[in-house]
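Take a look at the structure below.
Numbering (my numbering), first residue to last: 2 to 177.
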């Protein structure tokens, strides 16, 4: 774990979860390890599965190390012509496109869905939403390792979603 601390000295706590999959079909990846790094900033998380806890632990440590290294490199100031453009600047010219014409009203014709209906909501999460910039939302999305991140946009004062597209590009969805 000491090799992970060198990328972010503000990390003060690591949560390590070990789980064993009892399904015989999952024999090659029956040991799962998840590491959550908590610090003063956002949370960083990675998980891996292997046939032994040691192999899974080495794999998840490498994943988390790679993720922390990427975020540390992203914080560096790059001088010269190779200065990266922020996502906010790159997507400022794009206009909100409502060409899908999705209706927000979905009716079940007065019927209540039973518990065996597919597509029902089985989990709900609530998080505190502090206003942040698009760059901060991208930073937190990369640390957690998700493909999207819901946040309260500081500039537009609206809920927004930043998501990963193909070839390491990003997109933003904003409510009108």
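Positions of the beta carbon are idealized from the N, C-alpha and C atoms, including for glycine.
Let me know the secondary structure DSSP gives residue i once reduced to three states.
i: residue 154; result: strand
i: residue 167; result: helix
i: residue 15; result: strand
i: residue 62; result: helix
i: residue 33; result: strand
i: residue 99; result: Because residue 99 carries a pLDDT of 39, less than 50, the predicted location of this residue cannot be relied on, and the following value inherits that uncertainty. It is coil, neither helix nor strand.
i: residue 57; result: helix
i: residue 130; result: coil
i: residue 23; result: coil
i: residue 44; result: coil
i: residue 124; result: coil
Please look up how many angstroms separate the CB atoms of residue i and residue j, rounded, as I've assumed it's under 8 Å.
i: residue 19; j: residue 54; result: 6 Å
i: residue 67; j: residue 41; result: About 21 Å; that fails the 8 Å criterion.
Give me, in chain order, the residues of the same chain whose beta-carbon lies closer than 8 Å to that of residue i; leave out the 5 immediate sequence neighbours on both sides.
i: residue 70; result: 8
i: residue 161; result: 135, 138, 151, 152, 153, 154, 173, 174, 175, 176
i: residue 145; result: 43, 44, 45, 46
i: residue 22; result: 30, 31, 32, 33, 50
Out of the options, state which residue places its alpha-carbon closest to the alpha-carbon of residue i.
i: residue 32; options: 61, 158, 130; result: 61
i: residue 149; options: 59, 170, 132, 158; result: 170
i: residue 74; options: 22, 143, 58, 163; result: 143
i: residue 43; options: 158, 88, 133; result: 133
i: residue 164; options: 156, 157, 158, 147; result: 147
i: residue 131; options: 124, 120, 158; result: 158
i: residue 166; options: 122, 88, 126, 120; result: 88
Between which residues of its own chain and residue i is the CB-CB distance below 6 Å, once the five residues before and five after are set aside?
i: residue 140; result: none
i: residue 14; result: 39
i: residue 16; result: 37
i: residue 98; result: Caution applies to residue 98, whose pLDDT of 44 falls short of 50 and renders its modelled position unreliable; the value that the coordinates give is listed next. So the list is empty, once near-sequence residues are dropped.
Go through its chain and collect everything with a Cβ distance to residue i's Cβ below 7 Å, but skip five positions before and after it.
i: residue 51; result: 30, 32, 57, 60
i: residue 65; result: 5, 36, 38, 45, 47
i: residue 216; result: With the chain represented from 2 up to 177, any question about residue 216 goes unanswered, as that position is not in the structure.
i: residue 120; result: none
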